[in-house]
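Heads up: the structure comes next, in structure tokens.
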Amino acid sequence: MKRTVKITKNSFFKIFSDAIMLYEPSVKEQKTHIKKTLAKSGTLSVNYAFEAAANSFLSSIDITKNLKGQIDRFSALDKLDYTLQWHKETSLPQGVNETQIIKELLERCGYC
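Here is the structure:
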């Protein structure tokens, strides 16, 4: 089944750019506690960006408000998987290294 999607608002790039902006000072910082704070802030920003992308993709699905509320409780990775299954009739490849890296990143901050 072919479906078309129009994304009208997405905060992914703004949030992701914040994460990138935190990387440089984290690498250059000499004080360990500040370095760790910047690195953790960058990681959290990546997680928030990932969640924003998942919610944006989820909004492309035409389903009932009740079902959307239930799906909204899914992890960001599960939301992306659900959306992928809806639009492409395929799942995220669970055994692939990239999927595992994303899952581990989200688990470190308690998002998966």
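Numbering (our numbering), first residue to last: 339 to 450. Where a beta carbon is used, it is the ideal one built from N, C-alpha and C, also for glycine.
Item	Value
At which residue ranges does the segment 394 to 434 contain complete alpha helix (DSSP H) runs of 4 or more residues, listed in the order of the chain?	403 to 409 and 414 to 426
To which residues of the same chain is residue 419 closer than 8 Å at the C-beta, ignoring the five residues directly before and after it?	429 and 430
How would you label residue 329, buried or exposed, when you count the other beta carbons within 10 angstroms and need 16 or more for buried?	Look at the range of the chain in this structure, 339 to 450, and you will see that residue 329 is not part of it.
Which same chain residues end up closer than 8 Å to residue 423 when comparing Cβ atoms and leaving out the 5 residues on each side of it in sequence?	429
Do you know offhand how far residue 395's Cα is from residue 350's?	11 Å
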